[in-house]
Amino acid sequence: MSATPIEISVGGSRWASSWAQDLMTWEDFTESLSARMYNNASTETHAEYMALSKAEQDKRKDVGGFVGGSLRGGLRRRGCCTGRSLITLDMDGCAPGSTQRWVAAIKALGTAAVYSTRKHDPEHPRLRAIFPTDRMMQPEEYQPCARMVAQMLDPTMQVFDKTTFEAERLMYWPSRSSDSQWVCEATEDGGRISVDDTLWLYEDWHDVRQWPACPTEAVKLPGGKQADPTAKQGVVGAFCRTYDIRAAIAKFLPGEYVDAGQDRLTYAAGSTTAGAVLYDNDTFIYSHHSTDPAGGKLLNAWDLVRIHRFGQLDADAAPGTPAASLPSWQQMRALAENDGPTAALLRQETVDHAMEGFEPLPEEDTDPDKWQEKLDRTQKGAIACTIQNAWLILEHDPVLKGRIWSDTFSERLRCKGPFPWSDKTQERDWSDEDDAGVRWYLETAYHFSGVNKAADAVALTGGRHAKDPVREYLSGLTWDGTERLDTLFIDYLGAEDSSYTRAVTRKMFVAAVARCFRPGCKFDQICILSGKQGIGKSLLLSRMGKEWFNDSITSFDGKEARENLRGVWIVELGEMTAFSRSESEAAKQFLSQTEDRYRAAYGRRTVQYPRRCVFFGTSNSSDFLRDATGNRRYWPIDCSYERRTRVVHDDLTPAEVDQLWAEAVARFNAGEELILRDELQKAALAEQQAHTERDPWEGSILDFLDKTVPLDWAKRSIDERICWWENGPTDLEAPTQKRTSICVNEVWREVLDSTGKAPDRQQSKRIAAVLNSLPGWAPGKYPQRCGPYGMQRIWRRKSE
């Protein structure tokens with residue numbers, strides 16, 4: 001048993017304002033539990049205690065308590081836990097007569113202590129389980145560790161109090177009634193819980209959605225039924241009617257949360273993901289993130305902003321202070337009254353008045369200069385330097401009118417000259433030179449000055465004349481009724497003529513249409529065209545993508561990759577064989593996103609850009625897939641120079657491209673699904689496996705799994721097993737059987753490395769990846785004992 005001390009924080013009662021930090025050995029801690037259980041005996045009987053009111057029961061059981069870790073400043077408040085050395089679990093849902101069974105189960109997990117609560121009796125067991133860990137847990141590690149250990153004890157999670165996993169949760173010291181049949185036991189056998197090994201049992205412990213949960217956590221909203229904040233009177237109701245949770249975050253808390261999909265958000269400053277849950281159409285939020293200032297409470301938009309922006313002001317507020325008297329409330333009220341809806345009527349009237357000024361004037365064919373009568377002027381008759389005037393000039397001046405617009409596909413300002421400052425006549429992006437030209441022209445022709453006002457007028461003009469060139473292109477096509485889309489890759493690239501090839505081709509281009517008409521719609525597939533160089537793979541994609549094609553993305557990291565998607569419809573990712581494993585991980589995340597959020601160069605704010613593109617990959621190699629866990633996103637298609645019947649360079653004309661897209665639009669309007677089902681999905685899996693680079697360990701592992709083992713294999717020690725593998729069976733007649741389960745450590749010790757050295761994390765992940773890729777094996781749902789290797793994550797042989 002390690003002599004590493006445990007660290008706890010001790011308080012004289014649940015109301016203690018300061019909790020003292022204490023270091024002690026595990027032996028001293030368990031002796032303290034036993035002594036307190038013996039000495040903290042009251043005079044009333046158990047029956048008398050149970051007859052008391054809840055308030056009186058709470059008072060008598062409060063003999064002081066402890067938090068199984070350290071607290072910042074000795075404060076037991078949300079976010080003040082700085083580390084945990086103990087996992088503490090409230091087990092109030094034990095079945096009648098199950099006390100000894102639970103005591104044995106707790107001890108079976110290793111070093112542990114267990115004691116009964118004040119209400120405990122044999123027919124209604126109530127226990128507290130305590131497990132020391134091999135190192136100090138960080139606050140964000142505590143919940144996933146505690147929940148996984150709880151699941152090891154009870155896979156159903158029914159016996160645990162759902163609040164027991166909070167890092168700041170206190171445990172009362174043991175106490176009892178005079179005749180209680182109490183329990184207080186401890187063991188040092190088996191070693192402490194390994195924090196790293198426990199977290200490794202998750203695919204990603206940062207993802208809150210993977211954490212085991214008590215059944216009661218999914219029954220109702222945390223905190224119970226809440227009043228609708230949008231129905232409230234006064235400043236709170238007005239604020240919540242104007243801003244739901246997402247809108248409030250976007251405006252007042254930018255960057256604090258990141259969208260995690262499925263009505264979940266991630267607290268950006270935390271280390272776990274998807275822990276903030278939205279309820280009632282974004283009316284409420286409940287954050288499970290341990291470091292979130294707003295965590296652990298069901299909040300409306302008002303309270304979410306109040307706590308994040310001003311919650312620190314309440315640190316010295318006296319307990320019981322009315323909410324409206326808290327310093328944070330006063331500051332939030334000031335924020336809302338100055339920037340929010342408390343002045344809604346006045347603001348709306350102001351906005352309405354302003355919008356009237358920006359309405360375009362009717363066309364006056366008989367007098368093209370009549371619009372100038374609407375220009376505001378100074379007392380001296382000069383044109384006033386206002387945004388309204390600059391906007392009117394841009395809308396009606398003959399040399400500027402109709403030449404500036406916003407491209408909503410690329411989210412860029414576009415223009416078409418010529419202009420007084422430029423003789424370029426083609427469509428192009430608005431440039432810094434154009435900004436300077438507008439200022440020069442306004443100053444020269446109208447004696448108008450004002451850099452920001454001119455820029456604002458340009459932005460307003462562009463927004464008013466916004467258009468989507470890709471949507472306009474697709475909407476203007478008429479299909480001739482001849483089907484050619486399904487066989488595009490078959491005809492031009494020599495792909496195999498199969499239902500899989502036809503379906504993938506059709507769905508990829510229908511997905512491109514979908515992302516035009518429904519920006520950001522879910523589609524995270526990538527079609528990979530593999531074949532010899534020169535067949536025309538890239539040229540085909542370029543012609544289909546027209547001026548909205550991009551083949552310059554070389555990395556999935558950073559803002560640059562996302563910026564390269566603006567204004568792009570068809571993306572080619574060249575040479576899949578150049579992707580490293582780390583790039584594969586980045587690719588999975590990059591391809592799965594439906595929008596990109598970043599602040600563009602020279603931009604003043606972070607903006608969300610819904611995805612408008614689809615991705616294709618090209619490769620001259622056939623084994624371009626390396627990460628077996630993420631291959632579902634890839635739809636490989638092999639191309640053959642010899643099988644093609646048409647040539648991209650000669651036959652894929654602009655008119656042919658138009659008809660291909662017209663057919664894709666027709667398929668989209670007919671409701672074409674963007675996923676593969678049933679046999680097509682199986683065909684995709686076969687193609688993915690055929691193009692996946694095999695791990696050199698796979699053959700050895702597969703041979704090992706196919707070998708039979710003695711019937712008593714689970715009872716044999718590691719050394720006995722290795723000896724058996726090295727020497728073979730001593731009794732040729734001894735019966736053997738196929739193994740039905742396996743774990744990573746077993747593969748490592750008995751197949752790959754018999755030296756006794758434990759596998760490192762990378763080696764463990766590599767073995768797990770091979771096991772996950774084997775069609776005859778499936779990962780188990782819960783950790784189970786794996787012979788001499790103890791509790792492990794296991795894989796089971798599928799029924800033959």
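Under our numbering, the first residue of the sequence shown carries the number 1, and numbering increases by one thereafter.
Just so it is clear, CB atoms sit at the ideal spot from N, CA and C, and this is done for glycine as well.
Looking from the CA of D706, the closest CA among E373, Q763, T740 and A390 belongs to T740. Listed in chain order, the non-local C-beta contacts of S271 below 7 Å within the same chain comprise E140 and H206, local neighbours out to five positions each way being set aside. Between the alpha carbons of V747 and Q689 lies a distance of about 23 Å. By DSSP's assignment, H124 forms a beta bridge with D121. Assignment of D703 by DSSP, reduced to helix, strand and coil, places it in the helix class.
DSSP places G437 in no beta strand (DSSP E) but in the uninterrupted alpha helix (DSSP H) bounded by D432 to Y446. Here DSSP, grouped into helix, strand and coil, assigns Y789 to helix.
Cβ atoms of R246 and D204 stay farther apart than 8 Å, at about 24 Å. For D596, there is no enclosing alpha helix (DSSP H); the residue is part of the beta strand (DSSP E) that begins and ends at E595 to Y598. Contact between T425 and G417 is confirmed by a C-beta separation of about 5 Å, below the 8 Å threshold. Every beta strand (DSSP E) stretch that sits fully inside the segment 740–768 and reaches 3 residues is listed by chain position as 741–743. When secondary structure is reduced to three states using DSSP, A561 falls in the helix class.
Contact check for D134 and S194: beta-carbon distance about 5 Å, within the 8 Å limit, so the pair qualifies. In the three-state DSSP reduction, Y286 falls in the strand class (E or B). In the DSSP assignment, R333 is bridged to no other residue. Within the DSSP secondary-structure output, K107 pairs in no beta bridge.
Your pair L685 and L774 does not check out as a contact, with CB atoms roughly 13 Å apart and the cut at 8 Å. Judged by their CB atoms, H308 and E256 are nearer to each other than the 8 Å cut-off. Of the residues L442, V277, R721 and L23, the one whose Cα lies closest to the Cα of V709 is R721.
Within a 10 Å sphere around the beta-carbon of I767 sit 16 or more other beta-carbons, which makes this residue buried. For Y500, the closest C-alpha among the options E687, Y598 and V665 is that of E687. For the pair L540 and Y473, the CB atoms are not nearer than the 8 Å cut-off.
Nearest C-alpha to T43 among P125, V159 and S177: S177.
Assignment of Y500 by DSSP, reduced to helix, strand and coil, places it in the helix class. With respect to the 8 Å criterion, A511 and V648 are not classified as neighbours on the basis of their beta carbons. For the pair W795 and L752, the CB atoms are not nearer than the 8 Å cut-off. Between the segment 115–122 and the segment 158–169 there are fewer than three C-beta pairs closer than 8 Å, too few to call the two in contact. Counting only the Cα atoms, Y782 lies some 8 Å from Q151.
Between P215 and M148, the CB-CB gap reaches or exceeds 8 Å.
When beta bridges are read from the DSSP output, A778 appears opposite R796. Within 10 angstroms of the beta-carbon of I87 lie 16 or more other beta-carbons, which makes it buried. One alpha carbon belongs to A514, the other to S592, and they sit about 16 Å apart. Checking the DSSP bridge columns, you'll see P610 partnered with E595. The Cβ-Cβ distance between H691 and L625 falls below 8 Å. In this structure the segment 11–24 touches the segment 72–80; the number of beta carbon pairs closer than 8 Å is three or more. Relative to the Cα of D712, the nearest Cα in the group D719, E693 and P735 belongs to P735.
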